[in-house]
Structure formats: structure tokens, C-alpha cells
Amino acid sequence: MATLMLNLMWLPGLSLAALALILLLASFPLWVALAYFCYAASSLRRAWLGLAALALPSLLLNAFAYVR
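Count along the sequence shown from 1, then add 289; that gives the number in the numbering used here.
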């Protein structure tokens, strides 16, 4: 979750400090929702596949940002 929020720090508009505060405050409820999803998953495999599906966009954004 943190890497996805840090990727969004590149959005133009607000100052870096304001954007960091907003994204870090937004990441906590999303992290809690992911924890609930993992506990509610019917199997360990389903929980890992769900987390992997959410991590894939972040990995792609990281790869795109660092290749440029």
C-alpha cells in the first residue's frame, strides 16, 4: 500500500508536504481494508492472490517510474 501511495506522490498540483500527508492518511484505511480481506479470505491461496492482484499495479508503476 505504501508503494502505491508513494507512486501517487508524483501527481502535480499540491505541495509535496500536503500531498504526502493526504496520501499517508488515505493509505491507513486502505491497509485496514486489506487486512480484513485477508482474514475473511476462505483460504491462504485466495488471500495471497488477492494481494498479488493489488500489488501488480504498484509494481508496474514503480517499473515505469524508474525506467524513465
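Think of the CB as a built atom: it goes at the ideal place given N, C-alpha and C, for glycine as much as any other residue. It should be emphasised that the depicted structure is a prediction, and the values quoted were computed from it without experimental measurement.
Practice prompt. Please report the residue range of the alpha helix (DSSP H) in which S316 lies.
Written response: 305-329
Practice prompt. Determine the burial state of M294: buried for a count of at least 16 other Cβ atoms within 10 Å of its Cβ, exposed for fewer.
Written response: buried
Item to complete: Would you tell me roughly how many angstroms separate the C-alpha atoms of L349 and L323, rounded to the nearest one?
Response: 20 angstroms
Worksheet entry | Beta-carbon proximity list for M298, same chain, < 8 angstroms, skipping 5 on both sides | L305, L308, A309, L312
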